[in-house]
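According to the working numbering, the sequence shown is numbered sequentially starting from 597.
Each residue gets a CB set at the ideal place from its N, CA and C atoms; glycine is no exception.
Here the structure is a predicted model, which means the values were calculated and not measured.
Data first, discussion second: the structure below is written as structure tokens.
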Amino acid sequence: MKKVCMVGTGYVGLVSGACFAHLGHTVICVDNNAARIENLKKGIMPIYEKDLKEMVEACVKKENISFTTDLCGAVEKSEIIFITVGTPSDKKTGDADLSFVFAVAADIAKHMKDEYKVIVLKSTVPVGTAEAVEDIIKKAKPAAKFSVVSNPEFLREGFAVSDFLNPDRIVVGANDAKPLSVMRELYKPLTDKGFALLTTNTTTANMIKYASNSFLAMKIMFINEISDMCEKAGADVTDVAKGVGLDSRIGHKFLNPGPGYGGSCFPKDTMALERMAKKFDSPLKLVETTIAENNARRFKMLSKISNALGGNMRGKRLAVLGVTFKAETDDMRDSPSIGILSELHLNGAALDIYDPQGKKHGPEFFPYAKFHDSAAEALSGADAALVLTEWPEFNKITAAEYKKLLKTPLVIDLRNMYKLEDMKGVVYHSLGRKTVK
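Spelled out as structure tokens, the structure:
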């Protein structure tokens, strides 16, 4: 078993650290946010992710995971050091901001001594980052013995623990053979179960990550555009998606129409790939169109909402079900709800929100809205219900309950949560399907 240091206790770092500890490795999680580290020591998670809290608590009891602000001690005790800090989009250029990655690399270099270390880039980074990190460490410590590896994550928020322990593939990019044996030992508990480990150079590993996320983003926007056409043509997008997904070359995943993609990955990764492509004078027109269409998606959704409300939103009270960018997470980053609800507010609508996890961060984004502790509270007396996030508990709300709780029986569902035949008794608007009246 390996001794691992995880620098950064955000979404990727904390999930990866907990899962490596669960697999039997000894993990030290490091963060310069002292309050976060103290909370983690008390069992308070900085994020909501299914099964994460329970896994961390179990690993703490086994004493194979710990939390600290002491990077020096963690580097000295570890053979493998993961960099898992954020790489947000530069607000001016759209490029991935690598300042946190480079700062951590410089800090790691300060504490490296004679022992060989494998520095692993788990953060999503553009091509050439591994070489840049290598240069930073070499300049700071010319005699240091180390290798830099790219090991991108493929974790879906809401299913991250399961995805880590049951991966479609593990990608390890290295420019020399020495670190590969170390990484193979690290992932041996998973490869022994038959999960595939693909080895490449660092540039290819980075491209796999960006290409994967961009392809999935394109798939989302494709079904959204097909959904728009289905509404006008009289087709049912649910059956279209089912028929398309039955093709084994395509599959069912990411073929659900909605208000557009959001979260911590797709928006920034598509923009970063677009920027990289232009730098290499190899523009990616499909990715460019995907970004543009996703940005325009909220305005199409606003038009749909306005039409359902008879063209006038002023003075209407809307019960909003869900504001996180997807179900099973508390993540609000680039959630489609932010732009949609902001425009509804500016157009005079009053908003009553319920989200199982959205109350944690939601008030920062929607100070003008009222948050409730249940769907029934939000729905009571509202002029219409607006479904924005596909939380499973919303599936349990029946047409009869909507009719009983709402002032007017109007449901605008931007996630196609319900079967058309189950919504008789209310006016039900969904995506790519006929309106039930």
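DSSP places residue 896 within a helical segment (H, G or I) once states are collapsed to three.
Apart from the 5 residues on each side of it in sequence, residue 848 sits with its Cβ closer than 7 angstroms to the Cβ of 841 in its chain, given in chain order. The way I'd put it, the stretch 630-647 doesn't touch the stretch 668-682; fewer than three beta-carbon pairs between them come closer than 8 angstroms. For residue 861, there is no enclosing alpha helix (DSSP H), as DSSP marks it with neither H nor E.
Shown here for residue 903: not one same chain residue has a beta carbon closer than 6 angstroms to its own, the five before and five after excluded.
Counting along the chain, the unbroken beta strand (DSSP E) around residue 913 starts and ends at 913-917. Exclusion of the five residues before and after residue 995 leaves 1018, 1019, 1020, 1021 and 1022 as the residues of its chain whose Cβ lies within less than 7 angstroms of its Cβ.
Within a 10 Å sphere around the beta-carbon of residue 597 sit fewer than 16 other beta-carbons, which makes this residue exposed. Under the DSSP assignment, residue 608 falls outside any beta strand (DSSP E), being part of the alpha helix (DSSP H) whose first and last residues are 607-618.
In this chain, residue 723 is not harboured by any beta strand (DSSP E), its DSSP state being neither H nor E. If you compare the alpha carbons of 1028, 912 and 969 with that of residue 982, the shortest gap goes to 912. Within the same chain, 680 and 681 come within 6 angstroms of residue 604 by CB-CB distance, once the 5 residues on both sides are set aside. For the pair residue 720 and residue 806, the CB atoms are nearer than the 9 angstroms cut-off.
For residue 712, there is no enclosing beta strand (DSSP E), as DSSP marks it with neither H nor E.
Pairwise C-beta distances place the stretch 607-618 in contact with the stretch 748-758, as three or more of them are shorter than 8 angstroms.
Looking from the CA of residue 809, the closest CA among 766, 752, 830 and 959 belongs to 752. Close CB contacts of residue 853 within its chain, under the 7 angstroms cut and outside five residues either way in sequence, are with 819, 820, 823, 833, 1012, 1027 and 1028 (chain order). Residue 944 counts as exposed, since fewer than 16 other C-beta atoms from the protein chains shown sit within 10 angstroms of its C-beta.
Selection 881, 663, 930 and 601 evaluated against residue 957 yields 930 as nearest (Cα-Cα). Between the alpha carbons of residue 693 and residue 910 lies a gap of roughly 40 angstroms.
One alpha carbon belongs to residue 803, the other to residue 722, and they sit about 8 angstroms apart. Residue 658 sits in a helix when the DSSP states are folded into three classes.
Secondary structure of residue 602 (DSSP, three-state): strand. Distances from the alpha-carbon of residue 946 to those of 978, 927 and 917 put 978 closest. DSSP, read as helix, strand or coil, puts residue 636 in helix. In terms of CA proximity to residue 915, 965 leads the group 875, 965 and 898.
Beyond the five residues adjoining it in sequence on each side, residue 927 comes within less than 7 angstroms, by CB distance, of 753, 859, 860, 920 and 921 in the same chain, given in chain order.
Residue 708 sits away from residue 673, with the two beta carbons spaced by 9 angstroms or more. In the structure shown, the three-state DSSP call for residue 643 is coil. For residue 827 and residue 729, the gap between their C-alpha atoms comes out near 50 angstroms.
Per the coordinates, the alpha-carbon of residue 1007 lies some 50 angstroms from the alpha-carbon of residue 622.
Where residue 773 is concerned, there is no enclosing beta strand (DSSP E), because DSSP gives it neither an H nor an E. The C-beta of residue 762 has fewer than 16 other C-beta atoms within 10 Å across all chains shown, which makes the residue exposed. In this structure, the beta-carbon distance from residue 936 to residue 897 falls below 9 angstroms.
Nearest C-alpha to residue 989 among 624, 1000, 1014 and 866: 1014. In the DSSP assignment, residue 1009 forms a beta bridge with 983.
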